[in-house]
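In the numbering used here, the protein residues as written are 6 to 181.
Before any comments, here is the structure.
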């Protein structure tokens with residue numbers, strides 16, 4: 006593990022104003038998900054894409070002010086990838102974002118990266134209860150290194166508020 010992934014800090018910095026008081030919560034979640042990905046998948050060719058997907062995967066919560074954040078998160082990632090990388094990686098990274106809450110295994114064009122990212126996010130969102138093959142000691146070490154800072158309470162409040170407004174669709178971000 007490096008101290009911090011520079012690309013993550015650079016990209017998150019672009020959204021510091023939008024994220025506001027939630028910046029540390031989200032930044033630490035992003036770093037935990039990223040570090041879990043690169044622990045699970047040691048192929049250095051995938052590291053860059055994991056960093057980008059980690060930054061953008063939930064960003065729509067703040068940029069679009071919604072718990073139905075997958076479409077705006079994907080839109081932000083596409084905008085970045087088209088402007089900074091000439092569109093390179095769009096299909097893979099947007100698949101990582103779109104499927105990151107899928108309950109069952111992903112089967113598709115990018116099985117290694119999408120499934121690794123999906124499992125890493127579930128590892129973090131479940132506070133390490135769902136290890137999905139990740140060493141529990143790694144997850145504990147990451148939570149100490151990048152503290153929760155109230156991220157899970159933030160999610161519970163957002164989901165609760167969405168449930169009151171949309172009781173028939175309380176978790177629009179989940180995919181079966």
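Virtual Cβ for every residue (Gly too), placed ideally from N, Cα, C.
Is the beta carbon of residue i less than 7 Å from the beta carbon of residue j?
i	j	result
residue 98	residue 57	yes
residue 60	residue 132	no
residue 159	residue 33	no
residue 64	residue 79	no
residue 129	residue 37	yes
residue 42	residue 136	no
Pull up the distance between the alpha-carbon of residue i and that of residue j, whole angstroms please.
i	j	result
residue 14	residue 163	25 Å
residue 23	residue 147	25 Å
residue 126	residue 39	9 Å
residue 50	residue 155	32 Å
residue 10	residue 70	26 Å
residue 46	residue 153	23 Å
Spatial neighbours of residue i within its chain, please: CB distance less than 7 Å, with the 5 preceding and 5 following residues excluded, ordered by chain position.
i	result
residue 28	21
Just mark residue i as buried or exposed, buried being the case when its beta carbon has 16 or more other beta carbons within 10 Å.
i	result
residue 119	buried
residue 93	exposed
residue 35	buried
residue 140	exposed
residue 81	buried
residue 87	exposed
residue 171	exposed
residue 54	buried
residue 123	buried
Leaving out five residues before and five after residue i in sequence, what residues of the same chain have Cβ atoms less than 6 Å from its Cβ?
i	result
residue 44	143
residue 112	none
Once the 5 residues before and after residue i are set aside, which same chain residues still bring their CB inside 8 Å of it?
i	result
residue 178	72, 73, 74, 75, 106
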